[in-house]
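Residue numbers (our numbering): 1 to 232. Yeah, the Cβ is synthetic: ideal placement off N, Cα and C, and Gly gets one too.
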Amino acid sequence: NGSSSLTKFPDIICGTPEHQALYIAGIMATLFYGVGFFTVCLMANFVAPAWSLSVPHFTQYWRFLLYRFRVNRWYWGSVLMVRAFLIALVPIVYPSDPNAQVVSLLVVLSVFLVQQCLIMPWKTTLLNVSDTSILTMLVIIVGAASAYTPQLAGDEGDAYTGMIMCVLAICATVVLGILIAGAVGALKVACGMESQDPGAQLQEKLVRVPSVAMALSLLTLDDICKVYAELG
């Protein structure tokens, strides 16, 4: 009859008074919690470099947002919120189109997988490897799930298949390139081809971050010992 209902509550028909009431409540909840809370966290990340030095207990108040990541990647908490929002948005935008859901999820996961590989924001190597592995497995699972979606005939089916293959190929190429670049860099360091001047390394670390306190927190005991030995 041309009418549609909610997926989770099929007895509620879209456009009826019951649906309108839920629709308004959903918009208010999204604006208050989703948009409102994200905006506050985004502002906290924006002012964190300056306010962490001038506002007492600022880092304690926003510890849940900042403490999991490296000092020069303090903003990654907001990036994770964007990632979660986009993943949750896919079935809302395409509630009855599994092919579009697969393509959209692949695009979102691939973009954040590449960013994760390039930035490595977590404090420990184990967390970075874990997040990278999880995103990689999700890309593989979603890509494999495309074989079980309804097959579309003609140009539309070919377009979806082409987009899926293109996203998977780009993701695999970028990740492989990052791995090769990392291996080449490690080989250069091992062979002594990279500069090991402690003063140069210290200067590089100091210019990466926006404040002296953050820069000092990046230094390791080995850095301090090397500089001290260099200065005699």
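Practice problem: Classify PRO210 as helix, strand or coil using the three-state DSSP reduction. | Solution: For PRO210, the predicted structure reports a pLDDT of 49, less than 50, and the residue's modelled location is therefore unreliable. A value from the coordinates is still provided. Note: PRO210 maps to coil in three-state DSSP.
Exercise. Report the partner residues of TRP122 according to the DSSP bridge assignment.
Key: PHE69
Quiz item: Can you name the residues that DSSP bridges to ILE13?
Solution: SER5
Exercise. Examine the ligand NAP and report whether any of its heavy atoms sits within less than 6 angstroms of the Cβ of VAL167.
Key: Here there are no bound small molecules, and the ligand NAP is not part of this structure.
Quiz prompt | Option nearest LEU233 by Cα separation, candidates ASN45, ALA50, ALA88 | solution = What is shown of the chain runs 1 to 232, which leaves residue 233 out entirely.
Quiz prompt | Within 7 angstroms, strictly: CB atoms of CYS83 and PHE112 | solution = Looking at the sequence shown, residue 83 is not Cys but Arg. Their beta carbons are under 7 angstroms apart, which means ARG83 touches PHE112 by this criterion.
Quiz item: Residue range of the alpha helix (DSSP H) that ALA44 falls in?
Solution: 36 to 54
Quiz item: VAL167 and VAL107: beta carbons closer than 7 angstroms?
Solution: yes
Quiz item: In three-state DSSP terms, what is GLU18?
Solution: helix
Quiz item: How would you call MET28, buried or exposed, if buried means at least 16 neighbouring beta carbons within 10 angstroms?
Solution: exposed
Quiz prompt | VAL142 to MET163 span [Cα, whole Å] | solution = 13 angstroms
Quiz item: Among LEU53, ILE178, GLN60, GLY34, which has the Cα closest to the Cα of CYS117?
Solution: ILE178
Quiz item: Is the distance from the Cβ of LEU109 to the Cβ of VAL139 below 7 angstroms?
Solution: yes
Exercise. Kindly indicate which three-state DSSP category GLN151 falls into: helix, strand or coil?
Key: coil
Exercise. Could you say which of THR132, SER104, THR124 lies nearest to PHE85 if we only look at CA atoms?
Key: SER104
Quiz item: Where do the N-terminal and C-terminal ends of the alpha helix (DSSP H) with THR30 fall, by residue?
Solution: THR30 -> no alpha helix (DSSP H), and no H or E assigned at all.
Exercise. Give me the Cβ distance between ALA159 and VAL102, rounded to the nearest whole Å; I'm assuming they're in contact under 8 angstroms.
Key: 13 angstroms between Cβ atoms; not a contact.
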